[in-house]
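Undergrad:
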Amino acid sequence: MNVSFKRRPPAAILAYRALFAGVIVTVALPLAGCRVTSPSIDAEERAIWTAAVLHAYSGDEAWAGSVDPRPEEPPAIGVIVVDVPRYDAPGSVSPEEREARLLRRWSDVRPDAVRDFLRRNAEPFTVPPLDGIDSMVAPTHDDLRALMDNGGWAAFYERYPTAPGIIRLSRPGISRDGSSAVLEVMTGRGELWAQSGPMFLRRVDGRWVVDRWRIDTVS
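When you line the sequence shown up against my numbering, it's residues 3 to 221, in that order.
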């Protein structure tokens, strides 16, 4: 059974801005407006992103921010629209303080994975095509923002009619021994329908699997 996502009215621009502006403020970096060649993305990151995307749309937390009941079966997924964070200047926050804040926030994550997260997210990047994701588009953050500013979710679904909303991914932080990883994941599907938080993964028999997605922001 295919279940359609309910599309919210186009009055979601402010909610979109508020959530997208605050997903990863803890690790804000001085890169606003930069258009830099994306760093090299390794196979581990691509595998982690694939696992994260599939879990975000089918895992137990997939409907945590919804006012609708969870469907009996996960909805059919068409095109996946991937966004990435846009970092703003950190102001007076030093790199050491950003690390300390994230270590406190993710107290159950290995410190080496937290530091790797900060290192990997220290420059702009794009998400490449992912194995296991048949149809994916990755518009620039500025292009996606302009689309939402000029028509909200109605404009978004007119351009991407088969998309289950937007998913925003950070680069993952991977433990030194390669056994665990963490990344920030946000999904937005409509007006006042968005959720975000860290997603924790571990390697099992050579594959990355999601342990849990800790939703800490819902709008």
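Glycine residues also receive a C-beta, built at the ideal position from the N, C-alpha and C atoms.
Just the Cα atoms here: how many angstroms apart are L146 and D85?
TA: Within the model, the alpha-carbon separation for L146 versus D85 is close to 8 Å.
Undergrad: Three or more beta-carbon pairs under 8 Å between the segment 109–116 and the segment 176–193, yes or no?
TA: yes
Undergrad: DSSP three-state call for F202: helix, strand or coil?
TA: strand
Undergrad: Which value, in whole angstroms, describes the spacing of the CA atoms of G154 and E160?
TA: 10 Å
Undergrad: Looking only at its chain, what residues have a beta carbon closer than 7 Å to the beta carbon of C36, apart from the 5 residues adjacent to it on each side?
TA: Residue placement at C36 cannot be trusted, given a pLDDT of 36 that sits under 50; the coordinates are not used to answer.
Undergrad: Going by CA-CA distance only, name the one from R209, L185, G180, I217 that's closest to S198.
TA: Ranked by Cα distance from S198, the options R209, L185, G180, I217 are led by I217.
Undergrad: Could you round the C-beta distance between M57 and V212 to whole angstroms and report it? I think they count as a contact, below 8 Å.
TA: Reading off the sequence, residue 57 comes out as His, not Met. Yes, they are in contact, since the Cβ atoms of H57 and V212 sit about 4 Å apart, within 8 Å.
Undergrad: Once DSSP output is grouped into helix, strand and coil, what is the label at W155?
TA: helix
Undergrad: Of all the options V187, R170, Y162, R205, which has the alpha carbon lying nearest to the alpha carbon of G180?
TA: Taking only the C-alpha atoms, the option nearest G180 is R205.
Undergrad: Using the three-state DSSP reduction, which class does S182 fall into: helix, strand or coil?
TA: strand
Undergrad: Would you say R48 and P130 are within 8 Å of each other, going by their C-beta atoms?
TA: yes
Undergrad: Sort out for me which residues DSSP pairs A49 with in a bridge.
TA: Within the DSSP secondary-structure output, A49 pairs in no beta bridge.
Undergrad: Verify whether the separation of the beta carbon atoms of I168 and T52 is less than 8 Å.
TA: Using a Cβ distance threshold of 8 Å, I168 and T52 do not count as a contacting pair.
Undergrad: In chain order, what residues of the same chain have a beta carbon less than 7 Å from the beta carbon of D133, not counting five sequence neighbours either side?
TA: R48, T52
Undergrad: With DSSP as the reference, label R112 as helix, strand or coil.
TA: DSSP, reduced to helix, strand and coil, places R112 outside both helices and strands of the structure shown, so it counts as coil.
Undergrad: What number of angstroms, rounded off, separates the C-alpha of F119 from the C-alpha of L185?
TA: Within the model, the alpha-carbon separation for F119 versus L185 is close to 7 Å.
Undergrad: Grab the span of the alpha helix (DSSP H) containing R107 for me, first residue to last.
TA: For R107, the enclosing alpha helix (DSSP H) begins and ends at 97–107.
Undergrad: Do you know how far the Cα of R103 is from the Cα of M201?
TA: 17 Å
Undergrad: On the DSSP bridge assignment, give the partners of L171 in chain order.
TA: V187
Undergrad: Keeping to the same chain, check which residues put their C-beta closer than 7 Å to that of W108; ignore five residues upstream and five downstream.
TA: Once the five neighbours on either side are set aside, the close Cβ partners of W108 are V116, V184, P200.
Undergrad: Between P87 and R170, which are expected to be in contact by the criterion C-beta below 8 Å, what is the C-beta distance as a whole number of angstroms?
TA: The C-beta distance from P87 to R170 rounds to 7 Å, short enough to meet the 8 Å contact threshold.
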